[in-house]
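Below is one structure, written out as structure tokens; comments come after it.
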Amino acid sequence: MVDQPPLHRSEEIEDLAHLTAEDINKPLITKENKSQRALIVVDIQNDYFPGGKWTLHGIDAAADNAARLISAARTAGDLIVHVRHEFPTADAPFFAPGSKGAEIHPKVQNREDEDVIVKNQINSFRDTKLKEILDRNGIRELIICGAMSHMCIDAVTRASNDFGYNCILIHDACASRDLEFNGVKVPAEYVHAAFMSALGFAYAKTMSADEFLKEDKAGK
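Under the numbering used here, the residues of the sequence shown are numbered 42 to 261, in order.
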């Protein structure tokens, strides 16, 4: 029989040896643990609403649903990041720097203790500190909503997936507008549906606000 060398009790083992039965039975995740989920609210700004410079189809309903998501996230203690777009020059078609139209709409107004990212690009991660904020807070899952479905929502969802985050896209908290290509007019609802369908195929789980909030409540 081969003699076995004496076991070396590391400091970690010594620490475990002093655990009580109560310590061992404690759950690894408690209510006090920080959430690994964040809500990203993209570009729900005044110029997208009736009377603004670039009105979107269904923006009021989308903003109402986004407001419900914000309320639920605040109650849960989840991180909320508001993204606001500004074009770099005053002659921009909308979201001109310093304009009322570029301000976050009152329906989804951020609180003072919530992060606000100002971007100049379509992709919310590009030239911003968004990823730094998410990683600093240990975020693994993103709940995404905002505008426009075919532009900044498409970009942030794809980028989020590429960065390795688990993405949930709330489709009725997003809005789009009529488009035209090569003489073909595409109604806003078709634009929105096409992009939600594409993103839902491989980049994100798509859910309605009702579905998400019901499932979220059931899981608590």
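Glycine included, every Cβ here is placed at the ideal spot set by N, Cα and C.
These numbers come from a predicted model, not from an experiment.
Assignment of ARG218 by DSSP, reduced to helix, strand and coil, places it in the coil class.
Residue range 250–259 is occupied by the alpha helix (DSSP H) that includes ASP251.
Using a Cβ distance threshold of 8 Å, LEU175 and ALA79 count as a contacting pair.
For the pair ALA188 and ILE85, the CB atoms are nearer than the 8 Å cut-off. When the alpha-carbon of ASN202 is set against those of ARG218, CYS193, LEU183 and HIS212, the nearest one is in LEU183. The Cβ-Cβ distance between PHE236 and SER190 falls below 8 Å. In the assembly as shown, ASP251 is an exposed residue. Its beta-carbon has fewer than 16 other beta-carbons within 10 Å. DSSP places ASN207 within a strand segment (E or B) once states are collapsed to three. One thing to note: HIS123 has its Cβ within 8 Å of the Cβ of ILE145.
Under DSSP, ASP156 forms a beta bridge with VAL122. Taking the C-beta atoms as reference points, ALA103 is found nearer than 8 Å to CYS215. Look at the beta carbons and you see the stretch 126–137 touching the stretch 84–100: at least three pairs across the two are nearer than 8 Å.
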